[in-house]
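First comes the structure, then the notes that go with it.
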């Protein structure tokens, strides 16, 4: 197996994170926002794994397991929110939830 | 037993806290039980403490209970301490017992009102503050109670806050009494800077030791305290708030604006009687203010058409008698008048409350008439109250107290012929206006039928009957001078209040001065019968004449104050709107407003924009670290 320089892994993680961030910023559908957040979480997970392999430490993979667990919890809460959101606003457009504007 | 004294003010305060915090959760019956029960318990404790005190008076005829130190700074140590002596006993018994009867009456009278819990919470708070006022060991604690009762008065006058007029009346009462309160607090400053303490007993001792009789300082201090008393007790020239205070519910008028709070001024003067003995000029002022007020209010009462305003002016007038008594050095006579007045004036307001409720909130006496047969309970109790107010000889309590005051106004070395004449004329006026109300409201033909199905329940009847009994029999706690050599009130109060110095004793002079006020009171009642029972039509027409309108408005004092103070002040405020100091002040406000606009614009409620700003912040932070 060819040796992949660890910078490439970090570049990939950064690119994935940006994709996720842009998704959160431009998407108005709550489901897609949630999916974008998942991408950002996985990007940070990837960065942990890459860093772990760079220094030969298992901590990176341990952190990734934590992130997976947290992402699962986040999805559970997020989908419940989406359900309630739909009921309250009749759509999934998060810009409709702007009642707290100053 | 005496150590239970702290419970007397504590119980009403506890009732207030329970009602204020849990009033929404309590049932109707629960609110009534807490509201009336706390004052009832306080009355029982006060009775027990008083009986214990009278059975075996403690050393010095006073009991001091220090609860805790309020604050201690720069030589001023103020303790929350209660001081019980015969004078305080008179006041706590009246405040708690009459207060309890009025609370009991309110249980039924206010039953169909919104804000039942709020009403009882305010009433309990009032009773607590009033007890603190009369039990205070030092003048600062007294002042706290003094302001507290003022606050409760404000809250209760404006109790029906949905109508603008009630709010106006409440503000007026608050502002006008505040003028007096300012004089009072300046007086306290003067006393503290000159004598170095605010504890009443040491203060009085030091004043007597340090100040020669008739010197300028005691006169100034006594006049400043008198300013406070005049405001609270609605005497000339700060009397204008009391007639408007009738905007509140009838039990409030009975408790605060007749029986207890308005006599706080009498209490203050009696409590600081040493100062007034040192300042003959101030004491003469008290007597003159009292005499002028009793005549002023008596004449005003004669022209009122609102049943409760008649009673309001009669209160001003009767408190004027108390001031007259204090001013001529008849201290105990003033306190005796306070006691009997509390009985019959509370009675009058409560039975007037029944009448007004039965007439669907009608206050105009000329729209009533012939209610004698329609509302027998209200009729008999009002009749007894009016008889006591008019000082009907022998059978009523009011006679014994008022007769004593008029007698002392002549016989005291401080009194004089003109003060006596004022008392006599006031007595005639009292009989006239009290029975004017009785004849117009309860006799003659029926003008308006009471609300069908209206009847009074036990909670209303019981206080009325008890107070009616007291209005008749309450005078027997003292017996007029010259009839028997028993001066129960004067003897009881002797440790606190000096005995009146009499010009010339002797049975003969006492007897004729005793009979003249009685005859004059009877003449007043008879005149009322001739004027208002025999000629009802003319009486109703006379009430609309120009002179009657002048007296109806309280001699134009409101008009005078409006054009002497209010209008010039508003004009001055208006013209100085754009003076030199405005732009910098405005600039601060404008800056704050611009900042507020800018910041609130960022709170647009869009989650995505928040994410963007957070991302931007992180990016800037990372860049700063990388490029450093």
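Chains as they are written, first to last, in this note's numbering: chain D, 38 to 139; chain C, 20 to 647.
In this text, a Cβ means the ideal position worked out from N, Cα and C, and glycines have one as well.
This structure is a prediction, so every number in the text was calculated from the model and none was measured.
Item to check | Test item: CB-CB of residue 64(C) and residue 27(C) under 8 angstroms | outcome: At the C-beta level, residue 64(C) and residue 27(C) come within 8 angstroms of one another.
Checklist entry - Of all the alpha helix (DSSP H) runs that stay within the bounds of the segment 410-479 of chain C, which reach a length of 4 or more residues? => result Secondary structure remark: continuous alpha helix (DSSP H) runs of at least 4 residues inside the segment 410-479 of chain C, in chain order: 416-430 and 436-461.
Item to check | C-alpha gap between residue 316(C) and residue 610(C), whole angstroms | outcome: Going from the Cα of residue 316(C) to the Cα of residue 610(C) covers about 54 angstroms.
Next on the checklist: Assuming the contact rule is C-beta atoms closer than 8 angstroms, residue 492(C) and residue 369(C) should be a hit. Round their C-beta distance to whole Å, please.
Outcome noted: With a beta-carbon spacing of about 18 angstroms, residue 492(C) and residue 369(C) fall beyond the 8 angstroms limit used to define contacts.
Checklist entry - Nearest to residue 235(C) by CA position, among 301(C), 551(C) and 246(C), is which residue? => result Here the closest residue by C-alpha is 301(C).
Checklist entry - Between which two residues does the alpha helix (DSSP H) containing residue 94(D) stretch? => result Bounds of any alpha helix (DSSP H) do not take in residue 94(D), whose DSSP letter is neither H nor E.
Checklist entry - Are the C-beta of residue 135(D) and some C-beta of chain C separated by less than 8 angstroms? => result Yes - at least one Cβ of chain C is within 8 angstroms of the one on residue 135(D).
Next on the checklist: Can you list, in chain order, the residues of its chain with a C-beta nearer than 8 angstroms to that of residue 86(C)? Leave out the 5 residues immediately preceding and following it.
Outcome noted: Here the set comprises 25, 98, 99, 100 and 101.
Checklist entry - At least one CB of chain D closer than 8 angstroms to the CB of residue 639(C): is that the case? => result By this cut-off, residue 639(C) is not an interface position.
Checklist entry - For residue 136(D), does the count of other Cβ atoms within 10 angstroms reach 16, so buried, or fall short, so exposed? => result Looking at its Cβ environment, which holds fewer than 16 other Cβ atoms inside 10 Å, residue 136(D) is exposed.
Item to check | Sheet register partners of residue 87(C) (DSSP bridge) | outcome: Residue 87(C) is bridged by DSSP to 99(C).
Checklist entry - Under a Cβ-count criterion, where at least 16 other Cβ atoms within 10 Å of its own Cβ denotes burial, should residue 57(C) be classed as buried or exposed? => result Under a 10 Å Cβ-count criterion, residue 57(C) is classified as buried, with 16 or more other Cβ atoms of the shown protein chains found around its own Cβ.
Next on the checklist: Which residues in chain C have a C-beta closer than 9 angstroms to the C-beta of residue 132(D)? List them in chain order.
Outcome noted: Residue 132(D) reaches chain C at 624, 625, 626 and 627, counting residues in chain order whose Cβ is nearer than 9 angstroms.
Next on the checklist: Which of the three DSSP states is assigned to residue 604(C) in this structure?
Outcome noted: It is helical.
Checklist entry - If we call anything under 8 angstroms between Cβ atoms a contact, is residue 4(C) one with residue 308(C)? => result For residue 4(C) there is no data in the structure shown, the boundaries of chain C being 20 and 647.
Item to check | Per DSSP, the bridge partner or partners of residue 130(D) | outcome: Partner(s): 66(D).
Next on the checklist: So residue 58(D) contacts chain C; which residues on that side make the cut at Cβ distance below 7 angstroms?
Outcome noted: In chain order: 634.
Checklist entry - Which residues, in chain order, does the segment 177-198 of chain C contribute to contact with chain D at a C-beta distance below 9 angstroms? => result Correct list: empty, as no residue qualifies.
Next on the checklist: So for residue 322(C), helix, strand or coil by DSSP?
Outcome noted: Reduced to three states, the DSSP call for residue 322(C) is coil.
Checklist entry - Would residue 374(C) count as contacting chain D if we go by Cβ distances under 8 angstroms? => result No - not a single Cβ of chain D is within 8 angstroms of the one on residue 374(C).
Next on the checklist: Whole angstroms are fine: how far does the CA of residue 181(C) sit from the CA of residue 601(C)?
Outcome noted: A direct Cα-Cα distance of roughly 35 angstroms separates residue 601(C) from residue 181(C).
Checklist entry - For residue 131(D), which residues from the same chain have a beta carbon less than 7 angstroms from its beta carbon, with the 5 sequence-adjacent residues on both sides left out? => result Exclusion of the five residues before and after residue 131(D) leaves 65, 67 and 70 as the residues of its chain whose Cβ lies within less than 7 angstroms of its Cβ.
Checklist entry - Counting contacts by CB-CB distance shorter than 8 angstroms, is residue 644(C) in contact with chain D? => result No, residue 644(C) does not count as interfacial toward chain D.
Checklist entry - Going by the beta-carbon positions, is the gap between residue 328(C) and residue 280(C) smaller than 8 angstroms? => result Cβ atoms of residue 328(C) and residue 280(C): not closer than 8 angstroms.
Item to check | Check whether residue 519(C) and residue 348(C) have beta carbons under 8 angstroms apart | outcome: Between residue 519(C) and residue 348(C), the C-beta gap is smaller than 8 angstroms, which places the two residues in contact.
Item to check | Residue from 577(C), 393(C), 377(C) and 383(C) whose Cα sits closest to the Cα of residue 256(C) | outcome: Answer by Cα proximity: 577(C).
Next on the checklist: Taking only three categories from DSSP, how would you classify residue 534(C)?
Outcome noted: Helix at residue 534(C).
Checklist entry - Count the other CB atoms within 10 Å of the CB of residue 587(C); is the residue buried (16 or more) or exposed (fewer)? => result Counting other Cβ atoms within 10 Å of its Cβ, residue 587(C) stays below 16 and is therefore classed as exposed.
Item to check | residue 122(C) burial status per 10 Å Cβ neighbour count (16 or more: buried) | outcome: That one is buried.
Item to check | Closest by C-alpha distance to residue 89(D), when choosing among 100(D), 61(D) and 109(D) | outcome: Selected option, being the one with the closest Cα: 100(D).
Checklist entry - Exposed or buried, residue 596(C), counting other C-beta atoms within 10 Å across all chains shown (16 or more means buried)? => result Residue 596(C) comes out exposed.
Checklist entry - Which residues of chain C have a Cβ atom closer than 7 angstroms to the Cβ of residue 62(D), listed in chain order? => result Neighbours of residue 62(D) on chain C, chain order: 627, 630 and 631.
Next on the checklist: Three or more C-beta pairs under 8 angstroms: does that hold for the segment 68-83 of chain C against the segment 187-203 of chain C?
Outcome noted: Output reads no: the segment 187-203 of chain C does not touch the segment 68-83 of chain C.
Checklist entry - Of the residues 159(C), 33(C), 642(C) and 167(C), which one's Cα is nearest the Cα of residue 222(C)? => result The shortest C-alpha separation from residue 222(C) is found at 159(C).
Item to check | Where the alpha helix (DSSP H) through residue 31(C) begins and ends | outcome: 26-41 is the span of the alpha helix (DSSP H), which, as asked, contains residue 31(C).
Item to check | Sheet register partners of residue 383(C) (DSSP bridge) | outcome: For residue 383(C), the beta-bridge partners assigned by DSSP are 325(C).
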